[in-house]
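**Q** Numbering (my numbering), first residue to last: 4 to 158. First the structure, then my questions, so here it is.
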């Protein structure tokens, strides 16, 4: 129970929501490009072929993993549900993107550099550390669990 409370409970305020909502939407949109070919994306087949072409193999599996981390992680962040694990997995995904795709292109996005992925990575690490905040499903669940624990001790 203590582990669950540690993962879910967050004393962060409104800033966590301000970080979570747009990052969650952005990640979900990017993941949907990879998984479902939405928003001009190439879907699993196309993304998998591209990943394999740059040496990330097996391409289809890697596209599925990256797309799932972004899409489902993004939705979780948007809701504030399992924020810390979702942010950590998404941060790892950004780290892979930085070092496998963008690092050789320098910092700037205009050259397909790593600035955007680095920005997402830093925000995701912050969310991993601070959690979903007061306005998250995580905090709602943690508060309910704490209330039940207190009630059971007084009975």
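Heads up, the beta-carbon is just placed ideally off N, CA and C, and yes, glycines get one too.
Helix, strand or coil: which one does DSSP assign to residue 155?
**A** In this structure, residue 155 counts as helix in the three-state DSSP scheme.
**Q** Have a look at residue 37 and residue 15 and give me their C-alpha separation to the nearest angstrom.
**A** Taking the straight line from one Cα to the other gives about 32 Å.
**Q** My guess is that residue 84 and residue 140 are in contact by the Cβ rule of under 8 Å, so how many angstroms apart are they, rounded?
**A** That belief holds up - the Cβ atoms of residue 84 and residue 140 are roughly 4 Å apart, short of 8 Å.
**Q** Count the other CB atoms within 10 Å of the CB of residue 171; is the residue buried (16 or more) or exposed (fewer)?
**A** The displayed coordinates of the chain run from 4 to 158. Any statement about residue 171 would go beyond what the structure contains.
**Q** What number of angstroms, rounded off, separates the C-alpha of residue 86 from the C-alpha of residue 133?
**A** So the alpha carbons of these two residues sit roughly 9 Å apart.
**Q** Quick check: the Cα distance between residue 51 and residue 19, rounded to an integer number of angstroms?
**A** If I take the Cα positions, the gap works out to 33 Å.
**Q** CB residue 119 to CB residue 106, shorter than 7 Å?
**A** Against a cut-off of 7 Å, the Cβ pair of residue 106 and residue 119 comes out as no contact.
**Q** For residue 41, verify whether its CB is less than 6 Å away from any heavy atom of the ligand SAH.
**A** Within the structure as shown, the ligand SAH is missing, as the structure has no ligands at all.
**Q** Helix, strand or coil for residue 44 per DSSP?
**A** Residue state, collapsed to three classes: coil.
**Q** Report the residue ranges of all alpha helix (DSSP H) runs contained in full by the region 74-105; include only those spanning at least 4 residues, in chain order.
**A** Correct list: 86-100.
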